[in-house]
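If you count the sequence shown from 1, you need to add 3 to reach my numbering.
I have placed the structure first, in the form of structure tokens, so that the comments after it can refer back to it.
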Amino acid sequence: MTLEQLRQSASAAPKKCRICCCTVGGCLSANGAVVKEHLKTAVAASNLTAQVQVSGVGCMGLCSQGPLVRVESEDGADVLYRQVTPEQSAAIVALLTQSPHAESSNLKTQPIDSPFFTRQHRIVLENSGRINPEKIEGYIAASGYEALYHCLREMSPDEVVDEITRSGLRGRGGAGYPTGLKWATVAKMPSGQKYVVCNADEGDPGAYMDRSVLESDPHRVLEGLAIAAYAVGANQGYIYVRGEYPLAINHLQTAIRQAKRHGLLGSQIFDSPFDFRVDLRMGAGAFVCGEETALMASIEGKRGIPRPRPPYPAESGLWGCPTLINNVETYANIAPIIRNGAAWFASIGTEQSKGTKVFSLTGKVKNAGLIEVPMGISLKEIVEEMGQGAPDGSQVKAVQTGGPSGGCIPADAFDTSVDYESLKKLGSIMGSGGMIVMDEHTHMVDVAQFFMQFCMDESCGKCIPCRAGTVQLYQLLTKFKEHRATPADLEQLEMLCDVVKHTSLCGLGQAAPNPVLSTLRYFRDEYLAAMAVGVVEVPA
């Protein structure tokens, strides 16, 4: 199939008006699907079916205000409604016969020119909230699979690797390893069986970036995976996704079937010699399977526990073959880079951190939701301008980035640029993109204990420092919480953090002490205040 034939197969008569209703994630849990069906009923009852299209779409971002409904009129005057109930559907449709900005006392509108939307730079999320994730036609109409066609028909595998390298894209799974360098390593391995893997085992508390991308735009990930396979010489791909993401799994399964039907997966894609197959593997909920060696063991049907490196997956991965592993967001960046060029992507962000980053902004913040911002934006701009600060008049105290592997950053450091190097200097990491806001009522010892309990429960138990060390750290933090701790406990807490960090086998154990170390660094007074009554820390 040629690209033109693909476009023709996706073409449809345009409607004068389109009503988009979010039917994934938080909006779905707030009856978004019911709202969509009521909107369809109201359109039919008003005899507007020929002029108005009602579509279920992916995440629009402002999850705390769902269900969200956006009305796209022919003249481009979009209106966004928030917290829509099924009963309000008829009122939205009734307004279509009036001015698109007509007011109704029963409807709440959300300004689309607010900082939450205008400060974003959507690359990964450019289609989210605008296309129906269950229909391949919408993705194709939005330039979908053009990048894959361009690679297969006009670029060599080496040229694709070079383009990704020059873009400066770094892996969005947390470590920030240069994507082009990883691809080049796999591509240089001797010809033979190779694999590409998409790590969709997102498990950080409060993080839902990958889930939203898979639910909202699954074909974007498939296209990125196919381009990666062509670049490194693989013909088999796996998407390892959490079993707790049933909607993402369903949309991926639908997308794979549709791609096969259109000749975009399988044999001789776009009449080229390139063959590529993708299979799903569902994880059983182990957080440690987000670590690449544990993930590969799970795909192979073994117990998901890490192994020492080297050898690295690029040399010896799945079944001993060279394997490329990137996460969802990394693959979602590939097609835009190929379409627009490496220089375009490299012009966004900072010198060492190119492009954008998707964050799930959660916790004690008014505008909780999914955002995509250029690297280099400050934490203050994200939390105070886009997030609108803490609710109920309270003050923001800190923000935690990087999940259980990250750290807590105090409010007086919010002028810091959001990039890999700057966050590392503060004792935190970018991570996969979780960003949890805490207000003045949050006790930081409680935060440290929460994340330590998470790491303790999720430890695979293979290495002693993580298996036993996280338990000891949790017990020490409990003593602080119960006001039984002494200066000796504080000293032991810091010493044990150092041991666990530098002797654990994999990233889970190595990063487990980070929330403790960062809260000790910036909120030490809260640990001192939590000691047993009458106990005073002995000066060093």
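Every residue, glycine too, gets a C-beta built ideally from N, C-alpha and C.
Predicted model only: the values in this text are computed from it and were never measured.
Contact set for residue i: own chain, Cβ-Cβ below 6 Å, skip 5 residues either direction
i           : result
residue 405 : 431, 432 and 434
residue 417 : 382 and 383
residue 308 : 297, 463 and 465
residue 470 : 462 and 464
residue 337 : 227 and 230
residue 33  : 69 and 70
residue 156 : none
residue 542 : With a pLDDT of 47 at residue 542, under the threshold of 50, the modelled position of that residue is not reliable, and the figure given next carries that caveat. Hits under 6 Å: none found.
Among the options, nearest to residue i - alpha-carbon criterion
i           : options               : result
residue 81  : 503, 56 and 115       : 115
residue 23  : 294, 475, 410 and 69  : 69
residue 149 : 393, 342, 289 and 484 : 342
residue 245 : 272, 230, 201 and 278 : 201
residue 131 : 65, 112 and 154       : 65
residue 139 : 265, 476, 423 and 456 : 265
residue 218 : 310, 209, 78 and 59   : 59
residue 100 : 20, 465 and 228       : 20
residue 366 : 428, 398 and 335      : 398
residue 227 : 9, 370 and 154        : 154
residue 31  : 67, 402, 261 and 385  : 67
residue 55  : 529, 61, 44 and 479   : 44
residue 224 : 299, 314 and 339      : 339
residue 412 : 388, 324, 451 and 389 : 451
residue 42  : 10, 89 and 78         : 89
residue 288 : 312, 125, 248 and 9   : 248
residue 12  : 25, 325 and 261       : 261
residue 360 : 151, 158, 333 and 310 : 333
Own chain, CB closer than 8 Å to residue i, minus 5 neighbours either side, in chain order
i           : result
residue 211 : 28, 205, 363 and 373
residue 104 : With a pLDDT of 48 at residue 104, under the threshold of 50, the modelled position of that residue is not reliable, and no figure is offered here.
residue 422 : 352, 353, 355, 356, 378, 379 and 433
residue 242 : 200, 201, 203, 224, 228, 255, 281, 282, 283 and 284
Residues of its chain near residue i, where Cβ-Cβ distance is below 7 Å and the 5 sequence neighbours each way are ignored
i           : result
residue 535 : 486, 487, 488 and 489
residue 236 : 160, 190, 194 and 197
residue 49  : 96
residue 135 : 58, 59, 60 and 141
residue 9   : 143, 148 and 265
residue 180 : 173 and 174
Collapsed DSSP secondary structure at residue i in the structure displayed
i           : result
residue 330 : strand
residue 470 : helix
residue 525 : helix
residue 103 : Low local confidence applies: a pLDDT of 49 at residue 103 is under 50, so the model's placement there is unreliable, with the coordinate-based value given in what follows. Three-state DSSP puts residue 103 in coil, outside helix and strand.
residue 347 : helix
residue 66  : helix
residue 285 : strand
residue 249 : helix
residue 367 : coil
residue 3   : What is shown of the chain runs 4 to 543, which leaves residue 3 out entirely.
residue 227 : helix
residue 270 : coil
residue 355 : coil
residue 403 : strand
residue 307 : coil
Assigned exposure category for residue i - 16 Cβ within 10 Å defines buried
i           : result
residue 519 : buried
residue 378 : buried
residue 473 : buried
residue 415 : exposed
residue 161 : exposed
residue 233 : buried
residue 186 : buried
residue 408 : buried
residue 492 : buried
residue 547 : Outside the shown range of the chain (4 to 543) lies residue 547, about which nothing can therefore be said.
residue 528 : exposed
residue 370 : buried
residue 263 : exposed
residue 403 : buried
Check: residue i C-beta below 7 Å from any heavy atom of the ligand FAD
i          : result
residue 59 : What this structure holds is no ligand at all, so the ligand FAD is not there to describe.
- Evaluate contact between the stretch 274 to 285 and the stretch 179 to 198, counting only Cβ atoms and requiring at least three cross-stretch pairs below 8 Å. no
- Cβ contact check for the stretch 295 to 313 and the stretch 161 to 174: 3 or more pairs under 8 Å: no
- Do the stretch 288 to 302 and the stretch 253 to 269 meet, that is, are 3 or more Cβ pairs less than 8 Å apart? no
- Would you call the stretch 385 to 393 and the stretch 502 to 514 in contact, with 3 or more CB pairs under 8 Å? no
- Spell out a yes or no on whether the stretch 85 to 100 and the stretch 118 to 133 are touching, meaning 3 or more CB-CB pairs, one atom from each, closer than 8 Å. no
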